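Following full-length UniProt numbering, the numbering of the sequence shown begins with 1 at its first residue and continues without gaps.
The C-beta atom is built at its ideal place from N, Cα and C for all residues, glycine as well.
Quantities reported herein were computed from a predicted structural model and do not represent experimental measurements.
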Amino acid sequence: MKIVIAMDSFKGTLSSLAAGEAVKEGFLTVFPDTAADVVCVADGGEGMTDAMMRNMGGKIFSETVSGPLGEPVQAHWGMAGDVAVIEMAAAAGLPLLEGKLRAPCRSTTYGVGELIKCALSAGAGTIIVGLGGSATNDGGAGMAQALGIRFRDRNGNELEPGGLALRDLEEIDKKGMDPRLANCTVIAACDVTNPLCGPNGATYVYGPQKGVNEGTAEKLDGALRHFSEVVRLKTGKDFAKLPGAGAAGGLGFGLMALLNARVQPGIETVLASAGMEKRVQTADLVVTGEGTMDGQTVNGKTPVGVAAYAKLCRVPVLAVAGQLKPGYEKVYSAGIDAAISCVSEIKPWEEVKTDARGALVRAAQNAARFLRTGQMISVPAAVFKR
Numbered sequence: 001m002k003i004v005i006a007m008d009s010f011k012g013t014l015s016s017l018a019a020g021e022a023v024k025e026g027f028l029t030v031f032p033d034t035a036a037d038v039v040c041v042a043d044g045g046e047g048m049t050d051a052m053m054r055n056m057g058g059k060i061f062s063e064t065v066s067g068p069l070g071e072p073v074q075a076h077w078g079m080a081g082d083v084a085v086i087e088m089a090a091a092a093g094l095p096l097l098e099g100k101l102r103a104p105c106r107s108t109t110y111g112v113g114e115l116i117k118c119a120l121s122a123g124a125g126t127i128i129v130g131l132g133g134s135a136t137n138d139g140g141a142g143m144a145q146a147l148g149i150r151f152r153d154r155n156g157n158e159l160e161p162g163g164l165a166l167r168d169l170e171e172i173d174k175k176g177m178d179p180r181l182a183n184c185t186v187i188a189a190c191d192v193t194n195p196l197c198g199p200n201g202a203t204y205v206y207g208p209q210k211g212v213n214e215g216t217a218e219k220l221d222g223a224l225r226h227f228s229e230v231v232r233l234k235t236g237k238d239f240a241k242l243p244g245a246g247a248a249g250g251l252g253f254g255l256m257a258l259l260n261a262r263v264q265p266g267i268e269t270v271l272a273s274a275g276m277e278k279r280v281q282t283a284d285l286v287v288t289g290e291g292t293m294d295g296q297t298v299n300g301k302t303p304v305g306v307a308a309y310a311k312l313c314r315v316p317v318l319a320v321a322g323q324l325k326p327g328y329e330k331v332y333s334a335g336i337d338a339a340i341s342c343v344s345e346i347k348p349w350e351e352v353k354t355d356a357r358g359a360l361v362r363a364a365q366n367a368a369r370f371l372r373t374g375q376m377i378s379v380p381a382a383v384f385k386r
């Protein structure tokens, strides 16, 4: 039997590769002759750079850039040939504010722009920016400022960092924009389709986890709406309503409107780098999964992206998740044939994290045993007795 294993990372516990190797170990204890092909995958968020560099044979670099509140942070990015891969969260992600005060009104994507400049200096012809896990709500304005674009108020003063300052925007000056961008293709890789503004936009949907409250939500959403209107008047195009504009606090909008980026699903970008279609063509089974599988999994998350490739080749798909939450049943209509959880007893979170790998190995073993039982049932009784 040949199986292809493509697991998303279990955030805070296991990387994509570590999760895949754990599943492989579990299956091999039941089917020792199995040919298991472990693929590193991710959507537009955590682990995208590592996965794509492993798939493409690239190199990972580390740079000191501005963090979400302007403090210096070490951020990694990758380069394979002339293709650069950047996770916006590496420079402007919510984990960088762990233990610190969250300030959604003034947090900035400036460091993301600095990483783009690093990629341009390395000769990148294509820059893929993974959108996810942001601590920001600035519409990508900070990113653009780092690349030489100027935002000014009615008095000609440059705007302060952060999304709230955009309510005073009167002028966008692109004359100083890094000229190397003209010869570079920018791709915004994301797994969400939210517009920039409104009840389904960046501020109201994702703002609360960044510290946005009722008192600031309307102001921030209004500032982004004003930003988009100034862009519309300048370019003649309304980017704010496009799917993905609201990704990463509106960074999707900034990339599209100011850097002429195109948006594509993060999981498709990663799976293409892994040559996934070719790998599943000869597989008997595909195993995928993520830390928490719920009703949101069908919205462009890794497991359903993997399942889509498998279904093209009519290969069955098994999902092994850290936990199954209400609504996970939706995955059955999105290409996944069966799902199993690692959780077998109630434990404190710290214990769960410590035993994450062991729990995943055991869950994969159980899944393999169910599979073997099914094979036994399909064999005629007389043959089985022999």
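Between Asp173 and Lys234, the alpha-carbon positions lie close to 10 Å from each other. Between the alpha carbons of Ala245 and Val186 lies a gap of roughly 15 Å.
For Gln264, the enclosing beta strand (DSSP E) has its first and last residue at 262 to 265.
Looking at the DSSP output, Cys190 bridges to Pro265. In this structure, Ala146 lies near Gly111, with their beta-carbon atoms less than 9 Å apart. In the three-state DSSP reduction, Phe253 falls in the helix class (H, G or I).
Rounded to whole angstroms, the separation of the alpha carbons of Gly133 and Gly139 is 14 Å. Between Asp191 and Ile267 a beta carbon distance of about 6 Å is seen, short of the 8 Å cut, so the two are scored as contacting. With at least 16 other beta carbons inside 10 angstroms of its own, Glu46 counts as buried. Taking the Cβ atoms as the reference, Ala51 lies roughly 15 Å from Leu131, outside the contact range of under 8 Å. Between Leu251 and Met88 a beta carbon distance of about 6 Å is seen, short of the 8 Å cut, so the two are scored as contacting. Rounded to the nearest angstrom, the Cβ distance from Gly295 to Gly327 is 3 Å, consistent with a contact under 8 Å. A contact between stretches requires three or more CB pairs, one per stretch, nearer than 8 Å, and the region 32 to 42 fails this requirement with the region 101 to 118. Taking C-alpha positions only, Met7 is separated from Gly291 by approximately 9 Å.
Around the beta carbon of Arg279, 16 or more other beta carbons sit within 10 angstroms, so the residue counts as buried. Between Val83 and Ala42, the CB-CB gap reaches or exceeds 9 Å.
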